[in-house]
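The structure under discussion appears below in the form of structure tokens.
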Amino acid sequence: MAADATATNSTPYLSEPIREKIRAFIPRYPNKRAVTLPALHIVHEHFRCVPFGAMKEIAEILEIAPAEVHDTMSFYGFFPQAPIGDVRVWICRSISCMLTGGEEMLAHACKKLGVTSGQTTPDGKITLEFAECLGICDFAPAALSDDGRIFGPLTPATTDDMIEVLKQGPVADSPITPVIGRQ
Ligand code: FES
Numbered sequence: 169m170a171a172d173a174t175a176t177n178s179t180p181y182l183s184e185p186i187r188e189k190i191r192a193f194i195p196r197y198p199n200k201r202a203v204t205l206p207a208l209h210i211v212h213e214h215f216r217c218v219p220f221g222a223m224k225e226i227a228e229i230l231e232i233a234p235a236e237v238h239d240t241m242s243f244y245g246f247f248p249q250a251p252i253g254d255v256r257v258w259i260c261r262s263i264s265c266m267l268t269g270g271e272e273m274l275a276h277a278c279k280k281l282g283v284t285s286g287q288t289t290p291d292g293k294i295t296l297e298f299a300e301c302l303g304i305c306d307f308a309p310a311a312l313s314d315d316g317r318i319f320g321p322l323t324p325a326t327t328d329d330m331i332e333v334l335k336q337g338p339v340a341d342s343p344i345t346p347v348i349g350r351q
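In my numbering, each residue carries its 1-based index in the sequence shown increased by 168.
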């Protein structure tokens, strides 16, 4: 379960231990701005998102404008601003996957979960997103969950199986072979 991604005017988002973790990166980089990406990962790891307030506090620590932190966030597209589901899964729509039905499998999964791409199921279990090449083209059309599980090749049936597996929550030790599809 992610930490509470809320804060009041008097309570900062980032606790002292989180701030300390971010500051610890500063001597390793040529300037504070270069710590933006590690800082985003630290905050994301804690909250499973980077709320607007936390983004401002990262900017304060690194002595840069909040817009610069936002630019990095939006460039990578990995850091949601609102809390996400227990498991985040990306279905690839790049060329190898597109040619083998990736977009159809994304549409199928959206329909099955009752969400559009980028949304989280009402029970908070799964966030479904599209992605560009996930680097697992051998399993096209392929999907990857944020706990490291690979799914593919996806068909309507294996996409349904993937969803059932994901509903059970994240796993600590992900196998490196696909858990659904070709074994
Ligand atoms: S094109 Fe989909 S994983 Fe590479």
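C-beta: ideal position from N, C-alpha, C; glycine also.
### Message
On the DSSP letters alone, give me the boundaries of the alpha helix (DSSP H) that Phe-193 sits inside.
### Response
184-193
### Task
Compute the minimum distance between the beta carbon of Ala-141 and the heavy atoms of the ligand FES, and state whether it is under 6 angstroms.
A question about residue 141 goes unanswered here, because the residues of the chain that appear run from 169 up to 351.
### Query
Between Val-333 and Ala-277, what straight-line distance do the alpha-carbon atoms span, to the nearest angstrom?
13 angstroms
#### Entry: Three-state class that DSSP yields for Gly-320 in the structure shown
strand
### Message
With a threshold of 6 angstroms on Cβ separation, who are the neighbours of Lys-335 within its own chain once the five nearest residues in sequence on each side are excluded?
### Response
Lys-293
### Message
For the region 269-287 against the region 226-245, do three or more pairs of beta-carbon atoms, one drawn from each stretch, fall closer than 8 angstroms, so that the two count as touching?
### Response
no
#### Entry: Which of helix, strand or coil DSSP assigns to Arg-216
coil
### Query
If you drop the 5 nearest sequence neighbours on each side, which residues of the same chain put their C-beta closer than 7 angstroms to that of His-238?
Met-223
### Query
Taking just the CA atoms, how far does Asn-199 sit from Cys-305?
37 angstroms
### Message
Within 7 angstroms of any Cβ in chain B, is that where the Cβ of Ser-242 sits?
### Response
Looking for chain B here will not work: only one protein chain is present.
### Task
Return yes when the Cβ of Gly-282 is within less than 7 angstroms of the Cβ of Glu-297, no when it is not.
no
### Task
Between the Cα of Pro-290 and those of Ser-313, Ile-252, Leu-302, spot the shortest distance and give me the residue it belongs to.
Ile-252
### Task
Would you decide whether Thr-204 is buried or exposed? Buried here means 16 or more other CB atoms lie within 10 Å of its CB.
buried
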